[in-house]
Structures are given as C-alpha cells and as structure tokens.
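Numbering-wise (the UniProt record's numbering), the sequence shown opens with residue 1 and increments by one. The beta carbon of each residue, even a glycine, is placed where N, CA and C say it ideally should be. Note that this is a predicted model, so its numbers are computed, not measured. The structure appears below as structure tokens.
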Amino acid sequence: MALPGARQVQGSGFRWAGGILLAITAYLLLDIFTTLRSTRSGRGKPCQIDDEGSWSIGLFRGPSPFNLTPVEHVSPPVNSGVSWPVANPILTCAEVSDSPSNFVADPFLWIDNAANIWYIFFETKSNRNMQGKGRERDIGVAQSTDQGASWEYLGIALDEPWHLSYPHVFEDEGTMYMLPEGHKSGRLRLYRATRFPLEWEYAGDAHPQPLVDASLARWEGRWWLLGTDSAQRGASRCRQLSAWHSPTVRGPWTPHAHNPVMRGDPGAGIRGGGRLVRHGEDLYRFGQSCARTYGEALVAWRVDTLSPTDFRQTRVPLEFGRRLGRRHWNGARFHHLDAAPLADGSWVAVMDGDWQPAGAVSGRARRDARWLALAYALAGLLILAARHRPADAQRVADALTKPCGSLAACAGGVLAAARGAGGAPRRRKLSSSRAERERLPLRTNSARGAGLSEPRAGRAGPVQAATQALRQLARGRHVALALCAITASRYTVNILSYSKRVPTLRRIMRHVARCPSVEEVVLRWSEREAPPVADWAEPGAAPLRLLPVDRNSLNSRFVPDPLLRTRAVLSLDDDILTGCADLEAAFALWRADPEGLTGIFPRLVVEEPRPAYLGERTVFSTRTFNMLITGGLFFDHARYAPAYLSDKYKDERRFVDDKFNCEDILLNYVVAIELGKKGRKEPWVHLHVPRRRLDLSKLTIRSVGISSNTAEHQAERDACIARFNKNLGMHVPPTVDIPLNVSVPICVAGVGCIYL
Numbered sequence: 001m002a003l004p005g006a007r008q009v010q011g012s013g014f015r016w017a018g019g020i021l022l023a024i025t026a027y028l029l030l031d032i033f034t035t036l037r038s039t040r041s042g043r044g045k046p047c048q049i050d051d052e053g054s055w056s057i058g059l060f061r062g063p064s065p066f067n068l069t070p071v072e073h074v075s076p077p078v079n080s081g082v083s084w085p086v087a088n089p090i091l092t093c094a095e096v097s098d099s100p101s102n103f104v105a106d107p108f109l110w111i112d113n114a115a116n117i118w119y120i121f122f123e124t125k126s127n128r129n130m131q132g133k134g135r136e137r138d139i140g141v142a143q144s145t146d147q148g149a150s151w152e153y154l155g156i157a158l159d160e161p162w163h164l165s166y167p168h169v170f171e172d173e174g175t176m177y178m179l180p181e182g183h184k185s186g187r188l189r190l191y192r193a194t195r196f197p198l199e200w201e202y203a204g205d206a207h208p209q210p211l212v213d214a215s216l217a218r219w220e221g222r223w224w225l226l227g228t229d230s231a232q233r234g235a236s237r238c239r240q241l242s243a244w245h246s247p248t249v250r251g252p253w254t255p256h257a258h259n260p261v262m263r264g265d266p267g268a269g270i271r272g273g274g275r276l277v278r279h280g281e282d283l284y285r286f287g288q289s290c291a292r293t294y295g296e297a298l299v300a301w302r303v304d305t306l307s308p309t310d311f312r313q314t315r316v317p318l319e320f321g322r323r324l325g326r327r328h329w330n331g332a333r334f335h336h337l338d339a340a341p342l343a344d345g346s347w348v349a350v351m352d353g354d355w356q357p358a359g360a361v362s363g364r365a366r367r368d369a370r371w372l373a374l375a376y377a378l379a380g381l382l383i384l385a386a387r388h389r390p391a392d393a394q395r396v397a398d399a400l401t402k403p404c405g406s407l408a409a410c411a412g413g414v415l416a417a418a419r420g421a422g423g424a425p426r427r428r429k430l431s432s433s434r435a436e437r438e439r440l441p442l443r444t445n446s447a448r449g450a451g452l453s454e455p456r457a458g459r460a461g462p463v464q465a466a467t468q469a470l471r472q473l474a475r476g477r478h479v480a481l482a483l484c485a486i487t488a489s490r491y492t493v494n495i496l497s498y499s500k501r502v503p504t505l506r507r508i509m510r511h512v513a514r515c516p517s518v519e520e521v522v523l524r525w526s527e528r529e530a531p532p533v534a535d536w537a538e539p540g541a542a543p544l545r546l547l548p549v550d551r552n553s554l555n556s557r558f559v560p561d562p563l564l565r566t567r568a569v570l571s572l573d574d575d576i577l578t579g580c581a582d583l584e585a586a587f588a589l590w591r592a593d594p595e596g597l598t599g600i601f602p603r604l605v606v607e608e609p610r611p612a613y614l615g616e617r618t619v620f621s622t623r624t625f626n627m628l629i630t631g632g633l634f635f636d637h638a639r640y641a642p643a644y645l646s647d648k649y650k651d652e653r654r655f656v657d658d659k660f661n662c663e664d665i666l667l668n669y670v671v672a673i674e675l676g677k678k679g680r681k682e683p684w685v686h687l688h689v690p691r692r693r694l695d696l697s698k699l700t701i702r703s704v705g706i707s708s709n710t711a712e713h714q715a716e717r718d719a720c721i722a723r724f725n726k727n728l729g730m731h732v733p734p735t736v737d738i739p740l741n742v743s744v745p746i747c748v749a750g751v752g753c754i755y756l
C-alpha cells in the first residue's frame with residue numbers, strides 16, 4: 001500500500017536532484033568547451049594555455065651549484081623605479097615580444113665578465129601556427145646589465161624549420177658556439193656566432209645522430225658529449241644516457257666502450273637536465289627525474305670517473321629553497337638548471353619551472369568528462385529507482401533528501417533504497433551501498449588537497465553533494481602569476497583587525513596566503529588577547545605573522561614593520577574576500593608604476609558645490625575616479641608610511657583618531673603632496689576592476705564596521721575632505737577616466753556594487 005503523499009515527495013526529490021544534475025552537466029560542458037576553444041582562439045596571442053605546460057625561468061644564487069636560494073630571498077632592497085625584491089620568475093612568455101610564446105624553458109646562462117653582461121639563451125614555444133605538437137620552437141635570448149636585477153629580451157637568436165630547444169652555449173678558442181637540440185633535423189647540428197648574441201651560422205654536424213638534451217664538457221684533455229639517443233621514444237628517453245669523446249669539439253666522436261653508460265629508472269636523473277659544471281676538482285651533471293611525469297624534478301650527480309672505458313658517478317643532494325606548492329611558479333615541476341661561478345666565489349644559476357603538471361589541459365577535459373559520466377550514471381540510478389513500486393517511493397525520496405558526504409555516498413543510498421523491500425531491478429544485481437562507494441571513488445583534488453567537505457543538515461542528498469562537487473571543481477582551478485613584461489616581485493599583505501572580526505579574519509588570511517606573489521601575511525593587532533595566527537598557516541602557503549601595535553588606531557596601518565621584506569604592501573580590510581587572480585593582476589599593474597597607488601576600491605572626491613566624497617555608484621556611472629581607499633590598496637610602504645607618520649601630518653593623524661575614519665583619504669593626500677614635490681603631473685592612481693569582490697561583513701546580520709551607518713560615515717568623509725583641503729593647502733586630486741572597454745559591476749542603491 002502506497003504511503004500518503006509518497007508520489008508528491010518522490011516528485012519533489014527527483015526535481016531537486018534532476019535540477020542539480022542539469023546544473024552539473026551545464027557547468028562541465030561549458031568548462032570543456034571553453035578549455036578546448038581557448039587552445040584554438042589563442043593563435044597568435046602570448047601565454048595561452050598549453051598541454052605541455054606554462055614554463056618560465058627563475059634566477060638563483062648560492063655558495064655552490066648544489067646549494068642555491070631563490071633570488072627574492074637574497075636580492076637587497078634597491079632605491080630605484082622597480083619593485084623589490086626582484087622575484088622569480090625573471091623570464092616568462094610575456095617577455096617574448098616579437099613572436100607570441102606559450103612558454104620559455106631550457107635556460108643556458110652565459111656571463112661576459114669583460115662587459116659585465118649576463119645572457120640567458122632559452123627555448124620559446126611559438127604559437128603562431130597552433131598546430132599541436134608541431135608548434136614552432138625557437139631559441140630566444142635576454143640580457144641583464146645589473147647582475148640579474150632586471151632582464152631585457154633581445155630577440156630570437158636561432159630559428160629553424162624544425163623543433164629547437166636546449167641551447168647549450170659555450171666558448172672554444174675564442175669562438176662562441178651553440179649546440180641546440182634539433183632532433184627532427186636528423187642530426188645534432190653545431191652553430192657558430194657571427195654577431196653574438198643574435199646572429200648564428202651553421203658550422204657543421206656535431207654528431208651524426210639527433211641526440212636529445214646533449215651536453216658538452218672538456219675533461220682531462222678530451223671533449224665529452226653526453227646525451228640521449230632520440231630514436232628512443234616517450235619515457236625511454238629518460239631511461240638511457242650515452243657518452244662520446246673526441247679531441248676537438250667538431251669530432252669525430254668515439255662512443256664510450258660501455259654505451260649506454262646509464263640506464264634504468266626514469267626517476268634517477270638519467271636524461272640531461274643542464275650543463276656539465278666544474279666545482280672544485282670535480283665534474284658534476286644534472287639530470288631530469290621523469291618518474292611520474294615529464295620534467296618532474298632535478299637530480300645532481302658527481303662524476304667520479306669519466307674515461308673511454310669507465311663511467312662512474314655518485315648522487316649528491318641538491319637544494320634551492322623551500323617549495324611553495326602549486327601556488328608557486330615552479331611548484332609542480334622543474335627540469336633544467338645551468339649554473340656559473342662568479343668572481344667572488346659564489347654561484348648564480350638559472351632554472352626553469354612550471355606551476356602545472358604535464359597534460360594539464362587534456363587532463364582537465366578528461367576530469368570533466370569523468371564527472372559528466374558520473375553525473376549521468378547517478379541520473380540513471382535515479383531513473384531505476386523511480387521505476388519501483390509506489391510503496392518504495394517514500395524510501396527513495398528519503399534517500400534523495402538524506403545528508404551524505406559525497407556523490408558516491410548518495411549513489412549508494414539511492415541504490416540501497418531502490419533495492420528496498422520490494423525487490424531489485426530486473427536482470428540486474430545491485431551491490432550494497434558500501435561496495436558501491438568503494439567502486440566509485442569520486443573524490444577530486446583541489447587547491448587545498450582536500451576531498452568533498454561534510455555537508456550540513458537539512459535538504460541535502462544528491463542536491464547538496466552535487467553542489468559540493470561544483471564548489472570543489474571550481475576551487476580546483478589554480479591561479480598562476482599574472483604574466484607581464486615587468487620584473488616579477490613579491491608583496492606583503494597588511495591586515496588591521498580586532499576581536500569582533502576573528503570569525504572572518506581566519507578565512508581571509510588563509511585565502512590571501514595562497515596567492516602566488518604573497519611573501520607574507522601580517523596581522524596588525526592592538527588588543528591584549530591575540531588570535532593564534534601561526535596555527536592558521538597552511539603547508540605551501542605564505543607564512544602568517546602577528547605584529548602587535550600600541551593602540552587601536554587606523555593610523556596603525558602605517559606603523560613601521562622591522563621585518564618587512566618587500567617594497568609593495570597590500571593594505572587589505574579584514575572583511576574583504578577577493579580572488580587571487582584579481583590581486584595578482586592589481587599587483588602587476590602596481591609594478592608598472594610603483595610610485596603610485598593601485599587598488600580595487602575607487603572613490604570620487606569633488607569640490608563643487610561643496611567638498612564631497614562619492615562612492616562606487618557615482619564612480620562607475622561617471623566612469624571617473626581620483627582616489628583609492630585602503631580596503632584593497634597596493635602602495636610603497638617603505639616610502640609613504642614614514643611620510644604619513646611625519647610631524648607634518650601630526651594634526652591630521654590626531655583628527656583621524658578622533659573620527660576613527662579617513663586614514664585612507666589622508667594617505668591619498670600624502671602621496672599627492674610627495675609626488676608633487678617631484679613635479680609629477682601624470683596620474684598616480686590606478687584602478688583594477690576586480691571580477692569578484694565580496695564584503696563579508698555585509699553578509700552578517702549585525703555589521704560591526706565603521707561604515708555600517710552609511711549617512712554618518714558619509715558626513716565624516718565629507719568633513720575629512722574639507723579639512724584636508726584647507727589644512728594641507730591643496731585641492732582634490734585630478735580625476736582619471738575609466739576606459740570604456742573596462743567592464744564595470746552592477747551597482748544597486750542600498751546594496752552597493754556587486755562583483756560577481
């Protein structure tokens with residue numbers, strides 16, 4: 001006998017589940033379409049997504065080629081027009097200006113001590129024709145005249161109709177040579193510089209075989225050539241290493257008596273990973289580890305014996321600073337290193353790295369396809385359950401609305417309900433929910449390395465599990481550095497907060513600590529009982545630090561920080577949640593003009609008919625602004641914080657304390673006055689309109705912010721403008737236009753602007 005209302009409950013449950021499955025299907029199909037479409041629409045554009053990776057190049061220093069530190073941890077603060085510290089990566093696809101590039105890799109360093117110029121030769125993957133793996137590979141070159149602090153891309157040094165990579169540059173008897181890999185040419189070709197570093201000519205065949213990742217070294221009176229036979233395919237190229245020797249660099253080459261001299265485990269560093277280097281009295285080589293994926297890591301070997309009849313080596317440790325996980329430019333893999341000694345006895349090295357694994361694009365499409373198949377499988381289970389007798393409808397509806405931790409658990413619950421007391425579906429044996437869960441592992445990796453979170457009670461079942469899946473899929477997208485032709489750097493996040501904001505503070509700090517260019521997240525705290533900030537830190541994320549300040553004052557944003565390691569500081573409110581992609585884009589915009597201010601909160605200040613402070617609705621309706629506030633603001637803390645705290649502005653700081661407001665307006669005036677002393681006339685405020693920005697305090701029932709009373713807040717800001725205009729002897733800053741091609745948010749009265 002059917003339970004009363006069973007059909008109605010069943011229909012409601014199925015409508016909920018069907019709706020969310022439809023949403024998953026739409027999301028996955030859209031993601032697959034946009035992913036595949038972007039690989040085609042990116043023709044002729046730099047830095048497009050690529051299945052082979054997003055390789056870039058970093059600089060390292062250290063006491064030896066095996067003990068290296070990333071440049072951002074050793075570069076000193078500089079009083080110049082660039083952001084410090086100089087940070088990795090120093091070269092990306094964005095620097096290749098004459099031929100659109102998807103990535104740069106395989107760097108070789110050459111130092112001209114006489115001219116004090118450093119050169120980097122590297123592989124650049126052009127996407128001009130976008131013909132799969134046949135895309136053009138050229139050899140590019142960049143130079144530095146300030147010992148690696150900045151780099152200038154010079155152009156393409158070598159361009160052939162076939163694949164070029166691994167540009168081994170060396171000198172022999174006063175002549176510069178290049179030995180690039182070009183295995184599709186059918187041989188290993190040698191090139192001679194006619195006008196270093198950009199012009200080269202073919203100098204003959206170095207070896208009749210098209211060797212892969214071949215490295216040269218002169219050792220004990222002979223030239224040695226170590227490389228991999230390109231006849232080996234796929235992973236086999238990481239399993240064999242052969243050696244040849246010759247009295248001259250031009251050959252003829254005699255094979256080693258025991259070729260291949262190394263074979264076996266692809267994770268042992270067999271395939272060449274950079275130049276052979278001398279250190280002390282020994283010769284060392286670097287090799288690629290390809291254990292799980294191409295270019296996974298580097299391995300260093302000391303060559304103990306190298307003779308025509310013997311080859312022996314010992315593995316040595318290789319250290320180059322802590323890895324910061326997938327948020328870092330080389331967090332996923334690195335496969336090439338070239339090191340050179342400096343006059344002071346230290347070493348400098350260049351290394352390539354990638355923030356995503358090999359096959360990321362196709363892997364993402366395959367992941368979406370698997371989720372799509374699982375969604376349809378769950379839909380099939382629901383249909384099977386719907387075919388049961390009406391008496392089972394209540395059981396099925398209960399399974400649909402019962403909380404569960406994953407799609408697999410929900411599927412198991414539906415199967416158990418469908419099996420029910422009334423029998424199983426015809427001609428099909430359904431396994432138990434536990435067995436089904438074991439057979440359908442539906443957990444997915446995310447940026448946090450966690451599976452699907454446990455849902456809350458209430459209407460859940462497949463509805464909530466599928467919603468969790470959507471959130472997990474979206475969260476699994478990693479944010480890369482904002483690639484631009486500007487020297488990379490790092491920034492510190494400064495957050496001023498107090499005890500009532502602790503519930504949102506932890507989430508905000510952990511979120512921004514995952515952004516790629518963040519050096520450190522600092523919480524400025526004036527209360528006696530401080531939150532356990534150190535316990536909030538996550539592996540692979542930027543460190544979190546507590547900075548006690550004397551009193552609860554908005555002026556505390558500018559108190560000197562003796563441990564500050566970056567020129568750039570992001571002043572971020574403790575209730576603002578913004579995507580890492582937006583913060584990285586804003587930081588790149590600031591690096592183009594580090595004297596100015598760059599932010600995500602624009603405001604407009606006018607004098608007529610009376611001094612007034614206008615919000616975002618007016619900014620975007622008029623498409624003009626002239627001020628940025630500290631809710632999300634990049635500025636030069638080392639320069640403007642001392643000016644802000646100087647005696648000149650003592651009375652204005654006291655006014656800020658009295659009002660507990662307007663410290664950001666005062667900062668804008670301070671910057672305007674300081675730049676006015678230099679005679680600067682061009683705009684110094686730069687706006688990045690974020691794609692997503694969420695004010696968490698507006699989502700709470702009781703707001704505790706200083707702007708919660710809109711009318712009172714507006715009156716105080718207007719009073720600040722009038723006072724600063726009068727006391728500081730200047731007018732409001734000139735307005736800056738927002739270009740018409742910049743998308744603006746939807747602004748609603750009483751709600752504000754919505755960035756979604």
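Neighbour-count burial assignment, residue i, 16 or more Cβ in a 10 Å radius
i       : result
Arg-263 : exposed
Ser-743 : exposed
Thr-578 : buried
Leu-473 : Residue confidence for Leu-473 is low, a pLDDT of 43 falling below 50, so the modelled location carries little weight; the figure read from the coordinates is stated next. It counts as buried.
Arg-125 : Strictly speaking, residue 125 in this sequence is Lys, with Arg absent from that position. So Lys-125 ends up on the buried side.
Val-502 : exposed
Glu-152 : exposed
Phe-625 : buried
Thr-145 : exposed
Met-178 : buried
Tyr-376 : exposed
Ser-29  : The sequence given here places Leu at residue 29; Ser does not occur at that position. Exposed, since its Cβ has fewer than 16 Cβ neighbours within 10 Å.
Glu-281 : exposed
Asn-727 : exposed
Thr-228 : buried
Residue i to residue j span [Cα, whole Å]
i       : j       : result
Phe-60  : Asn-88  : 9 Å
Pro-690 : Leu-628 : 14 Å
Val-748 : Leu-614 : 15 Å
Thr-710 : Gly-752 : 11 Å
Val-656 : Leu-337 : 53 Å
Lys-648 : Asn-555 : 14 Å
Ala-343 : Phe-286 : 23 Å
Ser-489 : Ile-600 : 19 Å
Arg-239 : Leu-211 : 14 Å
Ala-542 : Thr-305 : 43 Å
Gly-363 : Ser-165 : 25 Å
Glu-199 : Phe-170 : 15 Å
Arg-271 : Ala-214 : 9 Å
Leu-318 : Met-351 : 13 Å
Tyr-640 : Glu-616 : 25 Å
Leu-547 : Pro-594 : 25 Å
Ser-54  : Pro-167 : 19 Å
Arg-654 : Leu-666 : 11 Å
Glu-296 : Ser-56  : 14 Å
Presumed contact (8 Å Cβ cut-off) between residue i and residue j, rounded CB distance
i           : j       : result
Leu-91      : Phe-122 : 7 Å
residue 763 : Ala-142 : Past the boundaries of the shown model lies residue 763; the chain is included only from 1 to 756, so the question cannot be answered.
Ile-139     : Pro-180 : 6 Å
Ala-332     : Trp-355 : 6 Å
Lys-738     : Leu-687 : For clarity, residue 738 is Ile in the given sequence; the question names Lys instead. Yes, Ile-738 and Leu-687 are in contact; Cβ-Cβ is about 7 Å, under 8 Å.
Residue i beta carbon near the ligand PLP (any heavy atom closer than 7 Å)
i       : result
Arg-192 : The ligand PLP is not among the ligands present in this structure, which contains no ligands whatsoever.
For the structure I just gave you, are there three or more beta carbon pairs, one from the region 145 to 162 and one from the region 178 to 197, closer than 8 Å? yes
Are three or more beta carbon pairs between the region 566 to 576 and the region 630 to 646 nearer than 8 Å? Contact holds: three or more Cβ-Cβ distances are below 8 Å.
When the Cβ atoms of the region 722 to 735 are set against those of the region 582 to 601, are three or more pairs found closer than 8 Å? no
Segments of 3+ residues assigned as beta strand (DSSP E) that fall wholly inside the region 514 to 572: Within the region 514 to 572, the complete beta strand (DSSP E) segments of 3 residues or longer fall at 518 to 525, 544 to 548 and 568 to 572, listed in chain order.
Of all the beta strand (DSSP E) runs that stay within the bounds of the region 678 to 702, which reach a length of 3 or more residues? 685 to 687 and 693 to 695
I'd like the ranges of any alpha helix (DSSP H) spanning at least 4 consecutive residues and lying wholly in the region 616 to 658. 616 to 622 and 637 to 644
Give the list of continuous beta strand (DSSP E) stretches no shorter than 3 residues that lie fully inside the region 218 to 262. 222 to 229 and 240 to 246
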